[in-house]
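Student: My numbering applies: residue 2 is where the sequence shown begins, and numbers increase by one. Don't be surprised by glycine CBs; every beta carbon is placed ideally from N, CA and C. Sharing a structure, written as C-alpha cells. Questions coming.
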Amino acid sequence: MLTTQEIQALLTDLESDRVERTTSTSNTDKFAEAICAFANDYPNHRKPGYLLIGVRDDGAIDGLQVTDLLLRNLAGIRADGNVLPPPAMSVAKFSLPGGDVAVVEVMPSSVPPVRYKGKVYLRVGPRKAFANEQEERVLSERRSALVSTFDIHPVREAAVDDLSQRLFDDYRASTVNPDVIAANHRSTEEKYASLRCFDLIAHCPTVAGILLFGKNPRYFLPGAYVQFIRFPGTTMTERPIDQKEIDGDLRTVVEALRGRIDAHNAVALGEGAGFRDRPRSAYPEWALRELLLNAVMHRDYASTSPIRFYWFSDRIEVQNPGGLYGTVTRDTLTRRNAYRNPVLAEALKAMDYVNKFGYGLQRAEQLMQDGGHPPLEFEIDDRVFAVTVRAHQP
2 MLTTQEIQAL LTDLESDRVE RTTSTSNTDK FAEAICAFAN DYPNHRKPGY
52 LLIGVRDDGA IDGLQVTDLL LRNLAGIRAD GNVLPPPAMS VAKFSLPGGD
102 VAVVEVMPSS VPPVRYKGKV YLRVGPRKAF ANEQEERVLS ERRSALVSTF
152 DIHPVREAAV DDLSQRLFDD YRASTVNPDV IAANHRSTEE KYASLRCFDL
202 IAHCPTVAGI LLFGKNPRYF LPGAYVQFIR FPGTTMTERP IDQKEIDGDL
252 RTVVEALRGR IDAHNAVALG EGAGFRDRPR SAYPEWALRE LLLNAVMHRD
302 YASTSPIRFY WFSDRIEVQN PGGLYGTVTR DTLTRRNAYR NPVLAEALKA
352 MDYVNKFGYG LQRAEQLMQD GGHPPLEFEI DDRVFAVTVR AHQP
C-alpha cells in the first residue's frame, strides 16, 4: 500500500491511467468497474492501480469522513463474486489535510480478462471503457505469458474437439453479459479463450477448459476424480458398503458426489409427528458440501492422486492432493484465502455452488459447532490437505 506522500503525489497526477478519483461513497458499480479495469491492466504497466474515494476530479480533497462500514464494503467487492476471477486488492484509510481518503490498491491480474457482471472493463487513458473483441484477445494472449497457476496451463495433447460445446455454451450464458454474447463475432477458440479455457498461443485447451468442459477429463488429467468409499465401521479393514470413482466434467463430479453424500447422510432418525420417525441428517448438509467444494476448488490437479472422500461410522475424512497455497498458513486457514485454481473458483461461483469467496471452511466450522459436533480436525503437509469431520457427540 502507498505511503501518505505517495497518495498526495497521485492527487496531482490528473492524467494517470492508474488512478481513478470519486467523491461517491455508495456507487458500488463504479467502484467495481474501476477495480476490474485496474486488474486487467490493459496498458500492461504491471503496476497496481488506485481507486481514491473522497477525491474530486481535480485532485482536491472532498472533506470525506471514511467509516469502517465504507472500508468493509470496499473490501467486500473482492469476495462477492461479481468481479471474476477475484482480484488481488487491499483497502486502507488515509487522513489528509482537508479530509479522509479511502484507497483501494488493485494488483494486475495474472489471469485476464477479468469481468464485472460479465463485462470486461479497461482503462483508456484516464477513463474506463468496455473491451472490444480485439482488446479481449490481447488480454487472452497476454495471459499465456503470465501463466502462474496450473489451471490455466495449456494441455498440449488436447484439441478444441475434446471440449463439449454444449457445456461451454451453458456456462458462458451464466458468465458473460448477454449483450456481449449477442454482439459476438469471435471464433470458437476465441470464445473459449475469453474465459481462460483455451490457450491461443499454444492453440489448445487449458487445464481449466478440460476440467470444466472436457468430454473425458481423466484421460488428460489422471487424478481428476473423486474416490468415494462408505465403510460400515471405523476402519478400512471392513468391506465397503458403497464405493465409486466419480469423474467427468466439474459439474458432473460435484453433482454426483453431492447425491451420494445426501443419500448416506439422511440415515439418522428423529421424532416426527403422529408417532412417526423422520429422517435427520447425521452431519450438517451444507458443512459437507462446503468441504467438498473446498477440495475440488483447491486441490493440486497436477497430481495423479484423487480427492478421497472416506465415510466411516464415526467420522468423515476428506483428503485432497496439495498442501496450503500462497499466503495461507495453519494459523490463517479459516481467515485468509489464496487460489491455486482461480479459474475453477470463478466457475464454481458462476455455477452458483459458491456464494462468496473465502468463507467455505469458516462456514463449515460454524455449522459443525451449531450442530453440536466436535471441531474440524486438519492434517496438512506440503503434499496433502486433509480434514476430519467427527460425528455428533451426545
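Going along the chain, which residues of its own chain have a beta-carbon closer than 6 Å to the beta-carbon of D315, five neighbours each way excluded?
Tutor: For the purposes of this step, residue 315 is taken as residue 314 along the sequence shown, with counting starting at 1. Once the five neighbours on either side are set aside, the close Cβ partners of D315 are T235 and A392.
Student: Less than 8 Å between the CB atoms is what I'm expecting for V227 and I308, so what's the real figure, rounded?
Tutor: Taking the sequence shown and counting its residues from 1, one reaches residue 227 at position 226. Taking the sequence shown and counting its residues from 1, one reaches residue 308 at position 307. The pair is a contact, with the Cβ atoms about 5 Å apart (cut-off 8 Å).
Student: Among all the DSSP beta bridges, which residues are the ones paired with G323?
Tutor: Indexing the sequence shown from 1 puts residue 323 at position 322. Per DSSP, none; premise fails for G323.
Student: Restricting to Cα atoms, I'd like to know which of R79, L11 and F214 is closest to Y51.
Tutor: Here residue 51 is taken as the residue at index 50 of the sequence shown, counted from 1. Comparing Cα-Cα distances from Y51 to each of R79, L11 and F214, the minimum goes to L11.
Student: Among the residues of its own chain, which have a CB less than 7 Å from the CB of T189, if the five just before and after it don't count?
Tutor: As a first step, residue 189 must be located in the sequence shown, where it is residue number 188. The answer, listed in chain order, is V161.
Student: Between Y302 and the rest of its own chain, which residues show a CB-CB distance below 8 Å, the 5 nearest in sequence each way excluded?
Tutor: Here residue 302 refers to the residue found at position 301 of the sequence shown. Cβ neighbours of Y302 beyond the five flanking positions: F151, D152, V208, L212, L222, G224, A225 and N342.
Student: What is the residue span of the alpha helix (DSSP H) that F214 lies within?
Tutor: Your numbering for residue 214 matches position 213 in the sequence shown. First-last of the alpha helix (DSSP H) with F214: V208 to F214.
Student: Three or more C-beta pairs closer than 8 Å, one from the segment 67–75 and one from the segment 116–129: is that the case here?
Tutor: In short, these stretches do not touch, since the Cβ pair count stays below three.
Student: Just list the residues that DSSP pairs Q244 with in beta bridges.
Tutor: Position 243 of the sequence shown holds residue 244. I230, per the DSSP bridge assignment.
Student: Just verifying my parser: in three-state terms, what is the DSSP assignment at A269?
Tutor: Here residue 269 refers to the residue found at position 268 of the sequence shown. Note on A269: pLDDT 49, under 50, position unreliable in the model; the coordinate value appears next. Three-state DSSP puts A269 in a strand.
Student: Three-state secondary structure (DSSP) at P155?
Tutor: The sequence position of residue 155 within the sequence shown is 154, counting from 1. DSSP places P155 in strand when its eight states are reduced to three.
Student: Can you say whether M237 is buried or exposed, counting buried as having 16 or more other CB atoms within 10 angstroms of its CB?
Tutor: For the purposes of this step, residue 237 is taken as the residue at position 236 of the sequence shown. Counting every other CB atom within 10 Å of its CB across the protein chains shown gives M237 a total below 16, marking it as exposed.
Student: Quick check on the DSSP output: what are the complete alpha helix (DSSP H) runs of length 4 or more inside the segment 8–53, in order along the chain?
Tutor: 29–41
Student: Whole-angstrom Cβ separation of R144 and V181, contact assumed at under 8 Å?
Tutor: Within the sequence shown, residue 144 is the residue found at index 143, counting from 1. Within the sequence shown, residue 181 is the residue found at index 180, counting from 1. Not a contact, Cβ separation roughly 18 Å.
Student: Which whole-angstrom value describes the C-beta separation of L266 and L289, a residue pair presumed to lie in contact below a C-beta threshold of 8 Å?
Tutor: Position 265 of the sequence shown, counting from 1, holds the residue named residue 266. Position 288 of the sequence shown, counting from 1, holds the residue named residue 289. Just to set this straight, residue 266 is Asn in the shown sequence, not Leu. Between L289 and N266 the Cβ distance is about 7 Å, and since that is below 8 Å, they are a contact.
Student: What is the residue span of the alpha helix (DSSP H) that M369 lies within?
Tutor: Taking the first residue of the sequence shown as position 1, residue 369 is located at position 368. G361 to D371 is the span of the alpha helix (DSSP H), which, as asked, contains M369.
Student: Between V254, L294 and V102, which has its C-alpha nearest D9's C-alpha?
Tutor: Here the question's residue 9 lines up with position 8 in the sequence shown. This sequence places Gln at residue 9; Asp is not what is there. Ranking the options by Cα distance to Q9, first place goes to V102.
Student: For the candidate residues L97, A33 and D30, whose alpha-carbon lies nearest to that of A61?
Tutor: In the sequence shown, residue 61 corresponds to position 60, counting from 1. Closest option to A61, Cα to Cα, is L97.
Student: Express the C-alpha separation of C205 and R261 in angstroms, rounding to a whole number.
Tutor: Residue 261 sits at position 260 when you count from the first residue of the sequence shown. Residue 205 sits at position 204 when you count from the first residue of the sequence shown. C205 has its alpha-carbon roughly 34 Å from the corresponding atom of R261.
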